[in-house]
Each structure stands twice: as structure tokens, then as C-alpha cells.
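Presented below is the structure to which this report refers.
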Amino acid sequence: MTPEEAGWPHILTEIPLTRCRCCNCNGAGIDADGDTCRDCNGTGIDNHGA
């Protein structure tokens, strides 16, 4: 579905979405506290297929 078909193209063009990255650490593998991300176990990869 294109942003125009979704009815909210301005949101989709302003928020960069990167596929296959962990959404909690944005692919860094480190959480906000400087520890290993517990969602992806530090890999930085989206392992949930969302």
C-alpha cells in the first residue's frame, strides 16, 4: 500500500522506517541505559517479524 492509498502520506514521508531493524534499539543492539537490548539480545535485528 502506498502512502497515498493509506490516506496519511505526510506521516509516512516524515518518519524514516528501516526494515529488519529492532524497533526498541533502532538496530544498535544497545538500549537507552547502555545495556544489551533485551528485545533483540544485542543483535539489532527485528527477530519478531513485525
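The sequence shown begins at 1313 in the numbering used here and counts up by one.
Where a beta carbon is used, it is the ideal one built from N, C-alpha and C, also for glycine.
For clarity, every value in this text was computed on a predicted model and none was experimentally measured.
Closer than 6 Å by C-beta to residue i: which residues in its own chain qualify, once you throw out the five before and the five after it? Chain order, please.
i: residue 1339; result: 1333 and 1356
i: residue 1344; result: none
i: residue 1348; result: 1354
From the DSSP output, which residues share a beta bridge with residue i?
i: residue 1333; result: 1357
Pop quiz: residue i and residue j are said to be a contact at Cβ under 8 Å. What is the actual Cβ separation, rounded to whole angstroms?
i: residue 1354; j: residue 1341; result: 4 Å
With hydrogens ignored, establish whether the beta-carbon of residue i is closer than 6 Å to any heavy atom of the ligand GTP.
i: residue 1339; result: Within the structure as shown, the ligand GTP is missing, as the structure has no ligands at all.
Got a sec? Which residues, its chain only, sit under 8 Å from residue i by beta carbon, not counting five neighbours each side?
i: residue 1337; result: 1343, 1349, 1351, 1352 and 1356
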